[in-house]
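These notes concern the structure reproduced below.
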Amino acid sequence: MTHDQTAWWQSAVVYQVYPRSFADSDGDGVGDLGGITARLDHLQRLGVDVVWLSPVYASPQADNGYDISDYRAIDPSFGTLDDFDALVADLHARGMKLVMDLVVNHTSDEHPWFVESRSSRDAPKRDWYWWRPPREGFEAGQPGAEPTNWGSFFSGPAWHLDEATGEYYLHLFDRKQPDLNWENPEVREAVYDMMRWWLDRGVDGFRMDVVNFISKDPALPDGATTGVGGVGDGFPHFATGPRVHEYLQEMHREVFGGREGEFLTVGEMPGVTWQDAVLFTDPARREVDMVFQFEHVSLDHGPGGKFDPRPLDLRLLKASLGRWQTALGEVGWNSLYWNNHDQPRVVSRFGDDDRWWRESATALATVLHLHRGTPYVYQGEELGMTNAPFASVEDMRDVESVNHHREAVAAGVDPEVVLRGLRAMGRDNARTPVQWDGTPNAGFTTGEPWLAVNPNHTWLNAAAQYDDPRSVFNHYRRLIALRHEHPVVAVGDFRMLHPDDPALYSYERTLGERRLLVVANLAGEPRTAGLEPGWDAGHVVLANSDEPRVVDGHAELGPWEALVLLR
6 MTHDQTAWWQ
16 SAVVYQVYPR
26 SFADSDGDGV
36 GDLGGITARL
46 DHLQRLGVDV
56 VWLSPVYASP
66 QADNGYDISD
76 YRAIDPSFGT
86 LDDFDALVAD
96 LHARGMKLVM
106 DLVVNHTSDE
116 HPWFVESRSS
126 RDAPKRDWYW
136 WRPPREGFEA
146 GQPGAEPTNW
156 GSFFSGPAWH
166 LDEATGEYYL
176 HLFDRKQPDL
186 NWENPEVREA
196 VYDMMRWWLD
206 RGVDGFRMDV
216 VNFISKDPAL
226 PDGATTGVGG
236 VGDGFPHFAT
246 GPRVHEYLQE
256 MHREVFGGRE
266 GEFLTVGEMP
276 GVTWQDAVLF
286 TDPARREVDM
296 VFQFEHVSLD
306 HGPGGKFDPR
316 PLDLRLLKAS
326 LGRWQTALGE
336 VGWNSLYWNN
346 HDQPRVVSRF
356 GDDDRWWRES
366 ATALATVLHL
376 HRGTPYVYQG
386 EELGMTNAPF
396 ASVEDMRDVE
406 SVNHHREAVA
416 AGVDPEVVLR
426 GLRAMGRDNA
436 RTPVQWDGTP
446 NAGFTTGEPW
456 LAVNPNHTWL
466 NAAAQYDDPR
476 SVFNHYRRLI
486 ALRHEHPVVA
496 VGDFRMLHPD
506 DPALYSYERT
516 LGERRLLVVA
526 NLAGEPRTAG
536 LEPGWDAGHV
546 VLANSDEPRV
556 VDGHAELGPW
566 EALVLLR
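Counting in my numbering, the sequence shown tops out at residue 572, every number present.
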């Protein structure tokens, strides 16, 4: 896509709603569709274009709705299809779009497809999932009898024995999330049919959960072992597998081909490289509009993985994001995010949520949003919400964290060390209820919230920020407006500046005669940034400080100060 053929989503901003934690309309402590509809004024005030809704389908909630038992029903905890239709209508009336979360690498084990699949070895839908006999020379149920040595993302083996049929089924995630077999064309057609059904209801696109896992190497080879517990790394055999491009092209053709309207598709793709992403997002190939990559949110993972965090080296972050900007500069498109339902809060993670809370929240927002790509705001991020002070693992609800704690402590790791890692990186940090006001339960619910509200909601909340021109919320509003107003933000070229500076994050965007400069100090000490000739204080269009100082070819930056200049 050339710079003069811009797609609508290049100047759009997406807002992710995690329904359980957004707003509760009926007092049961769980957020719901009625709660979202009641809070749309907030999103309209913010200025976002698209709402991405995390799963609201019928689900036993083994993994908070990412285990779907009926793709065409709304889970009663969230409301009804009528509530859903009302939300879509209200969003459309306000000029916003709705993107559904599409979870089709796996279903729930309570989905009728799987119930039938496991009913017998010759059930008509047996081949809709990955079933295998025990490893040769082993009896079913023996240690090591699993068909491959792959580990699950949620701890333990990726295979579960079904005692009734004596075979194992594959589950890359929870054992209640069996993987669909995309090699079977009936599976693919059932998925496409379901997608068309939602588009017919008015949905404007899909965010596709771990969609680069849908094509496995059919030989299912063992993975290389790390020497820890004998579990092998199956990732090279199921991530971005041999037929994934073919499947996504078929999906695009079957679901969107010839359909009138403006749609958005984004593929969540763990482990995806920029080389892969150029192929996935090349408009001529008709696969997806953009991908979620994980490179930049893995940079603070220590040798022990994500729960062994280390401080972020800003130079690595700039190298990573800069590489993606360059790689997808001519062909393809980036998605931009700090936060989602699986990541800790960015102001606590990469910022300073204590002394420089407002400054670091707004500086990180500035740096992200003015890159080339479609920015994603995760609920509460626009308020600068922080990680939660979990006293113990008993306060956590996330299956990944709870399983990791049990496994690590059993392996002899100091429980305090385990808890420290979970507090920093656990997924529940993103899932505490949105902080609407300073009342008990933060205006989220009149009942008992499913996950405790962060105690800092008494001062950190939406009501306190709406009328404060210096607030995190109003800074996000201005960033979103810049993208809408200036094509240089959407489609301008990108050039990283100061790549080796450990504290400065600065870059230039260019479109024709327009030049946009972002200069941010992502550290707690003042910094001076040298500027190229021609920039002066009169060019500042946005700052998170009261009196930006640009003098004699330099920007004098306070701690966590960010400036945007345009000429």
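We treat Cβ as the ideally placed atom computed from N, Cα and C, and that holds for glycine. This one's a predicted model, so the numbers in the text were calculated from it and none came from an experiment.
Between the options, which has its C-alpha nearest residue i's C-alpha?
i, options, result
"Leu166", "Arg180, Ser160, Phe159", "Arg180"
"Arg532", "Gly539, Pro24, Val524", "Val524"
"Pro139", "Arg520, Ser82, Tyr174", "Tyr174"
"Ala98", "Arg320, Arg131, Asp46", "Asp46"
"Pro507", "Arg520, Arg320, Arg402", "Arg320"
"Arg77", "Arg201, Ala128, Gly448", "Arg201"
"Ser160", "Asp33, Gly266, Arg193, Asn408", "Asn408"
"Ser184", "Leu536, Pro148, His116", "Here residue 184 is Asp; the residue named in the question, Ser, does not match the sequence. Looking at the Cα atoms, His116 is the closest of the given residues."
"Arg519", "Leu509, Gly497, Met501", "Gly497"
"Gly146", "Arg126, Gly272, Leu522, Gly171", "Gly171"
"Val104", "Arg131, Gln66, Pro60, Glu399", "Pro60"
"Thr371", "Leu96, Ile79, Asp80, Trp565", "Trp565"
"Thr42", "Asp88, Tyr62, Tyr23", "Asp88"
"Leu516", "Arg572, Glu561, Phe268", "Arg572"
"Val477", "Arg514, Gly417, Gly385, Gly529", "Gly385"
"Trp480", "Gly448, Leu570, Gly389", "Correcting the residue type first, residue 480 is His in the shown sequence and not Trp. Nearest C-alpha to His480: Gly389."
"Gln440", "Leu456, Arg428, Gly426, Arg354", "Leu456"
"Thr504", "Gly426, Tyr383, Ser325, Asn446", "First, the residue type needs correcting, since residue 504 is Pro and not Thr in the sequence shown. When only C-alpha atoms are compared, the closest one is Ser325."
"Val260", "Thr245, Val56, Asp198", "Asp198"
"Glu265", "Val236, Ala366, Val208, Asp287", "Val208"
Please classify residue i: is it buried, with 16 or more other beta-carbons within 10 angstroms of its beta-carbon, or exposed?
i, result
"Pro316", "exposed"
"Gly84", "buried"
"Gln470", "buried"
"Thr7", "Bear in mind that a pLDDT of 38 at Thr7, under 50, signals an unreliable position, so the number given afterwards is only what the model happens to contain. Exposed, since its Cβ has fewer than 16 Cβ neighbours within 10 Å."
"Gln21", "buried"
"Ala282", "buried"
"Asp9", "Unreliable placement is indicated for Asp9, whose pLDDT of 43 sits below 50; the coordinate value is still reported in the next sentence. Label assigned to Asp9: exposed."
"His462", "buried"
"Val19", "buried"
"Ala169", "exposed"
"Asp68", "buried"
"Arg488", "buried"
"His559", "exposed"
"Ala289", "exposed"
"Asp347", "buried"
"Thr450", "buried"
"Pro454", "buried"
"Gly543", "exposed"
"Glu513", "buried"
"Val556", "exposed"
"Gln15", "buried"
"Ala534", "buried"
Could you spell out the range, first to last residue, of the beta strand (DSSP E) harbouring residue i?
i, result
"Pro380", "379-383"
"Val577", "Residue 577 is absent from the structure shown; the chain starts at 6 and stops at 572."
"Trp362", "No beta strand (DSSP E) holds Trp362; the alpha helix (DSSP H) holding it covers 362-374."
"Gln470", "Counting along the chain, Gln470 falls outside any beta strand (DSSP E), though it belongs to the alpha helix (DSSP H) covering 467-470."
Would you list the residues sitting across from residue i in a DSSP beta bridge?
i, result
"Asn601", "A question about residue 601 goes unanswered here, because the residues of the chain that appear run from 6 up to 572."
"Thr270", "Phe211"
"Leu225", "In DSSP, Leu225 forms no bridge with anything."
"Thr515", "Asp498, Arg520"
"Leu547", "Val569"
"Leu562", "Arg532"
"Pro314", "His306"
"Lys102", "Val55"
"Asn339", "Val296"
Between which two residues does the alpha helix (DSSP H) containing residue i stretch?
i, result
"Ile485", "477-490"
"Tyr197", "190-205"
"Gln280", "279-286"
"Glu255", "249-256"
"Arg44", "Per DSSP, Arg44 belongs to no alpha helix (DSSP H) and is neither H nor E."
"Val555", "Val555 -> not in any alpha helix (DSSP H); beta strand (DSSP E) instead, spanning 554-556."
"Glu172", "Not the alpha helix (DSSP H): Glu172 falls in the beta strand (DSSP E), residues 172-175."
Assuming residue i contacts residue j under a Cβ cut-off of 8 Å, what Cβ separation, rounded to an integer in Å, is found between them?
i, j, result
"Ser340", "Gly378", "6 Å"
"Leu424", "Ser397", "7 Å"
"Leu304", "Leu322", "6 Å"
"Tyr71", "Arg436", "That belief does not hold up - the Cβ atoms of Tyr71 and Arg436 are roughly 13 Å apart, past 8 Å."
"Asn344", "Asp214", "Wrong, their Cβ atoms sit about 17 Å apart, outside the cutoff."
"Gly539", "Ser550", "With a Cβ gap of about 22 Å, Gly539 and Ser550 do not count as contacting."
"Val271", "Val296", "7 Å"
"Leu509", "Asn526", "6 Å"
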